[in-house]
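So the sequence lines, in the order shown, correspond to chains H and Z. Position 167 of the first sequence, counting from 1, maps to 166 under numbering that gives the first Met the number 0, and the rest follow consecutively. Position 255 of the second sequence, counting from 1, maps to 254 under numbering that gives the first Met the number 0, and the rest follow consecutively. Data first, discussion second: the structure below is written as structure tokens.
2 protein chains.
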Amino acid sequence: MSHITLAHGNGGRFMRELIEDVFARHLKNPLLDIKADATTLPADSLNGDIMITTDGFTVQPLEFPGGDIGSLAIHGTVNDLSVAGAKAKYLSLNVIIEEGLELAVLERIVVSLGKAAVEAGVHIVAGDTKVVPRGEGSGVYLATTGIGIKDPTLDLGMHRIQTGDAILVSGPVGDHGIAVMLAREQFGLKGDIQSDNANVYPLTQSLLHLHGLRFMRDPTRGGLATVLNEIHTCSGFGIRAHESSIPIREPVVSVCEILGYNPLYLACEGRVVTVIDNAQAGQALGIWRSLEQGKDAAIIGHVSSSDSRVILQTELGGERYLEELEDDPLPRIC
Amino acid sequence: MSHITLAHGNGGRFMRELIEDVFARHLKNPLLDIKADATTLPADSLNGDIMITTDGFTVQPLEFPGGDIGSLAIHGTVNDLSVAGAKAKYLSLNVIIEEGLELAVLERIVVSLGKAAVEAGVHIVAGDTKVVPRGEGSGVYLATTGIGIKDPTLDLGMHRIQTGDAILVSGPVGDHGIAVMLAREQFGLKGDIQSDNANVYPLTQSLLHLHGLRFMRDPTRGGLATVLNEIHTCSGFGIRAHESSIPIREPVVSVCEILGYNPLYLACEGRVVTVIDNAQAGQALGIWRSLEQGKDAAIIGHVSSSDSRVILQTELGGERYLEELEDDPLPRIC
Chain H
0 MSHITLAHGN GGRFMRELIE DVFARHLKNP LLDIKADATT LPADSLNGDI MITTDGFTVQ
60 PLEFPGGDIG SLAIHGTVND LSVAGAKAKY LSLNVIIEEG LELAVLERIV VSLGKAAVEA
120 GVHIVAGDTK VVPRGEGSGV YLATTGIGIK DPTLDLGMHR IQTGDAILVS GPVGDHGIAV
180 MLAREQFGLK GDIQSDNANV YPLTQSLLHL HGLRFMRDPT RGGLATVLNE IHTCSGFGIR
240 AHESSIPIRE PVVSVCEILG YNPLYLACEG RVVTVIDNAQ AGQALGIWRS LEQGKDAAII
300 GHVSSSDSRV ILQTELGGER YLEELEDDPL PRIC
Chain Z
0 MSHITLAHGN GGRFMRELIE DVFARHLKNP LLDIKADATT LPADSLNGDI MITTDGFTVQ
60 PLEFPGGDIG SLAIHGTVND LSVAGAKAKY LSLNVIIEEG LELAVLERIV VSLGKAAVEA
120 GVHIVAGDTK VVPRGEGSGV YLATTGIGIK DPTLDLGMHR IQTGDAILVS GPVGDHGIAV
180 MLAREQFGLK GDIQSDNANV YPLTQSLLHL HGLRFMRDPT RGGLATVLNE IHTCSGFGIR
240 AHESSIPIRE PVVSVCEILG YNPLYLACEG RVVTVIDNAQ AGQALGIWRS LEQGKDAAII
300 GHVSSSDSRV ILQTELGGER YLEELEDDPL PRIC
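Written out as structure tokens, the structure is:
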């Protein structure tokens with residue numbers, strides 16, 4: 000059979016074969032037991048605070064320049080643990096497949112997912128597949144839940160943010176959103192923009208020893224502007240960002256100008272926004288810039304006591320508010 | 000707004016309000032922090048082996064006699080931990096909503112999910128929502144990942160099964176499959192069959208002190224016949240079951256006769272199949288029958304050294320093979 004049928008989800012022979020031939024084969028690791036109802040996590044691997052997070056993935060198209068829904072499903076969840084200061088260790092994987100999906104496409108996605116898991120050093124330890132009828136899905140949806148370990152003495156969070164703190168971003172914003180949008184070919188635009196889809200653990204881990212580190216978040220849905228609004232809402236402080244400091248690639252700027260998007264609201268899938276004591280901001284920037292993944296990092300603004308909102312200082316010296324996102328500029332990007 | 004829009008999934012204000020007003024409100028517990036990227040599990044609650052499992056839910060219709068996709072998403076994952084000998088403690092929740100879903104329906108499902116979680120003593124500690132365009136979902140899909148704790152000295156599994164062991168089922172089979180099928184009204188049949196959708200922890204926990212307990216599994220997709228085939232395949236032993244001993248409700252038998260279904264292949268969502276040393280089978284049966292949930296429990300067969308397949312002894316004295324399921328009698332029942 001070259002395509003998924005409803006029988007691949009019925010608990011019988013076809014489902015067993017799909018799980019053995021596609022999922023177990025490419026996601027193989029010592030802890031993945033496809034015949035067990037539940038798996039025991041090795042106790043000696045769980046020293047520290049145990050953290051959990053979860054994320055769903057419905058991106059369209061399933062494959063795009065720089066990644067696919069499989070690698071995204073690993074990075075999205077690994078990154079949520081990483082920005083919380085944890086090291087991702089174990090993942091569960093849910094797969095909801097639409098009847099009629101080409102098996103070859105599913106296999107490419109699972110191979111990519113397995114490769115991203117190995118590179119991030121995480122084991123897939125539990126999984127489930129469901130098949131929904133044609134017209135009630137869009138190829139495949141994924142959901143991953145991650146378990147990670149954090150140093151119990153590490154305290155990161157909105158509550159640590161103080162006025163005067165610096166805000167850093169680890170690289171150009173908007174690449175993922177524009178790469179996925181161009182892959183849809185709905186606007187007749189072409190470009191060679193790659194998604195920034197990546198494991199950010201090397202970036203987050205590199206800053207954990209800095210005592211002035213307050214808070215980290217990956218700017219996915221809603222982009223950088225949404226993270227800045229979340230910081231403002233949760234901390235109660237204002238934020239002043241400098242438009243000219245925010246790294247954005249030239250082709251992303253061009254596409255945004257043509258289509259009327261604001262790149263600050265577009266999703267990244269491999270960037271980190273960090274709030275850090277201003278006294279250590281230069282040191283953090285140096286560390287990031289020494290990493291390939293952080294070579295375009297920048298200090299983009301500061302937490303401010305004199306502002307009461309998120310304010311963007313424009314290149315011409317003007318000011319405008321970065322509001323909380325209302326309508327959806329680019330749906331289905333993750 | 001009375002219906003879900005794509006903007007409810009975009010990371011902005013509508014999504015925040017949906018999460019606050021529907022999910023956080025009904026799933027509230029001290030560990031659920033909707034503003035955090037990841038949550039720390041309290042270390043003092045994790046004494047024992049830490050187990051993990053995951054399950055996806057795509058049942059149609061979303062609501063049916065005896066339950067809905069919300070309570071099912073709790074029980075399905077809690078039950079997988081329970082039959083592994085663990086006590087479920089924490090759950091993550093993924094929600095994939097179709098644009099156009101009535102908010103009132105979503106809220107009923109979340110309320111039911113929250114109620115089932117409280118009753119099962121589990122906390123929802125991480126969540127994610129996505130919205131997919133109209134026609135690319137079917138109302139709502141759920142996925143839950145569960146974390147549970149098991150006594151490290153407890154050893155359950157296929158590897159412990161021996162010839163001569165007894166096989167028990169905790170109650171009538173096929174109720175869930177038929178209840179969901181009748182709720183679709185596609186055959187013009189009516190009936191008052193309720194799904195058996197329930198938390199099986201009271202059943203599994205009641206047997207854990209029996210040293211002869213070998214293995215437990217909940218017969219969901221593929222039903223009792225599929226569990227018997229899994230036991231046969233994994234243990235290498237034959238199985239002899241007695242048709243007259245298998246509890247099936249009369250209305251389930253009637254509907255199956257009309258539509259040509261075999262109830263042994265239909266899903267249960269609140270039953271347990273147990274393999275136990277024959278010397279303790281009577282004791283286990285007594286324990287189960289003393290519980291409301293297990294009052295119709297029965298010893299349905301034995302692990303056999305003289306058979307090489309799963310054999311059903313019929314009421315008239317004949318024999319037939321219970322084969323591994325191939326085609327799908329009733330898709331989308333969980």
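By construction, the Cβ of each residue, glycine as well, lies at the ideal position given by its N, Cα and C atoms.
If the five residues before and after Ile245(H) are omitted, its C-beta is found closer than 6 Å to the C-beta atoms of Ile299, all from its own chain and listed in chain order. Around Gly187(Z), no beta-carbon contact reaches into chain H at under 8 Å, the shortest distance being about 21 Å. Ranked by how close their Cα comes to the Cα of Glu325(H), the residues Met14(Z), Gly187(Z), Thr143(Z), Ala23(Z) have Met14(Z) in first place. Just measuring C-alpha positions, the residue of Val117(Z), Gly69(Z), Glu62(Z) sitting nearest Tyr89(Z) is Val117(Z). Beyond the five residues adjoining it in sequence on each side, Thr57(H) comes within less than 7 Å, by CB distance, of Tyr140, Arg331 in the same chain, given in chain order.
Closer than 9 Å at the C-beta level to chain Z, one finds these residues of the stretch 112–132 of chain H: Val124, Ala125, Gly126, Asp127, Thr128, Lys129, Val130, Val131, Pro132. Only residues of its own chain outside the window of five on either side were considered, and among them Asn28, Leu30, Tyr89 have a CB closer than 6 Å to the CB of His122(Z), listed in chain order.
Nearest neighbour of Gly75(H) by Cα position, chosen from Ala103(H), Leu105(H), His175(H), Ala297(H), turns out to be His175(H). Near chain H, meaning a CB-to-CB distance below 8 Å, the residues of the stretch 79–94 of chain Z are Asp79, Leu80, Val82, Ala83, Ala85, Tyr89, Ser91, Leu92, Asn93, Val94.
As for any alpha helix (DSSP H) of minimum length 4 sitting wholly inside the stretch 258–333 of chain Z, the runs are 280–288, ordered along the chain. Straight-line measurement puts the Cα of Lys189(Z) at about 46 Å from the Cα of Leu45(Z). Under the three-pair Cβ rule at 8 Å, the stretch 147–154 of chain Z does not count as touching the stretch 90–109 of chain Z.
With 16 or more other Cβ atoms from the protein chains shown falling within 10 Å of its own Cβ, Lys129(H) counts as buried. Looking at the backbone, the Cα of Asn9(H) and that of Gly221(Z) are separated by about 6 Å. Note on the stretch 15–96 of chain H: whole alpha helix (DSSP H) runs with a minimum of 4 residues are 68–82, in chain order. With respect to Arg239(Z), Ile160(Z) sits apart: the two C-beta atoms are not nearer than 8 Å.
When the beta-carbon positions are compared, Asp191(H) and Asp276(H) stay at least 8 Å from each other. A straight line joining the alpha-carbon of Ala87(Z) with that of Asp54(Z) spans about 14 Å. Shown here for Phe186(H): same chain residues with a beta carbon closer than 7 Å to its own, the five before and five after excluded, namely Leu258 in chain order. Rounded to whole angstroms, Phe214(Z) and Ser234(Z) show a C-alpha spacing of 11 Å. Secondary structure at Met215(H): strand, using DSSP grouped into helix, strand and coil.
Sequence-ordered contacts of the stretch 49–83 of chain H with chain Z read Ile49, Met50, Ile51, Thr52, Thr53, Asp54, Gly55, Thr57, Asp79, Leu80, Val82, Ala83 [C-beta pairs closer than 7 Å]. Under the three-state reduction of DSSP output, Asp174(H) falls in the helix class.
The Cβ atoms of Val271(Z) and Val82(Z) lie closer than 8 Å to each other. Around the C-beta of Gly269(H), 16 or more other C-beta atoms lie within 10 Å, and the residue is accordingly described as buried.
Of all residues in the stretch 187–206 of chain H, none comes within less than 7 Å of chain Z when Cβ atoms are compared. Taking the C-beta atoms as reference points, Cys333(Z) is found no nearer than 8 Å to Thr232(Z). Beyond the five residues adjoining it in sequence on each side, Cys267(Z) comes within less than 6 Å, by CB distance, of Val172, His175, Asp195, Pro218 in the same chain, given in chain order. Counting only runs of 3+ residues, the beta strand (DSSP E) found wholly inside the stretch 105–137 of chain H occupies 122–131, in chain order.
Within the same chain, and ignoring the five residues on either side of Glu19(H) in sequence, no residue has its Cβ closer than 6 Å to its Cβ.
With respect to chain Z, the C-beta atom of Glu135(H) has a partner C-beta closer than 8 Å. Of the residues assessed, Gln292(Z) falls on the buried side of the cut-off, its CB having 16 or more other CB atoms within 10 angstroms.
Residues of the stretch 18–48 of chain Z that bring their beta carbon within less than 8 Å of a beta carbon in chain H comprise Lys34, Ala35, Asp36, Ala37, Thr38, Thr39, Leu40, Ala42, Leu45, Asp48, in sequence order. For Val168(H), the secondary structure class from DSSP, reduced to helix, strand or coil, is strand. Cβ neighbours of Ile177(Z) within its own chain (closer than 7 Å, five residues either side excluded): Ile192, Val251, Val254, Leu265.
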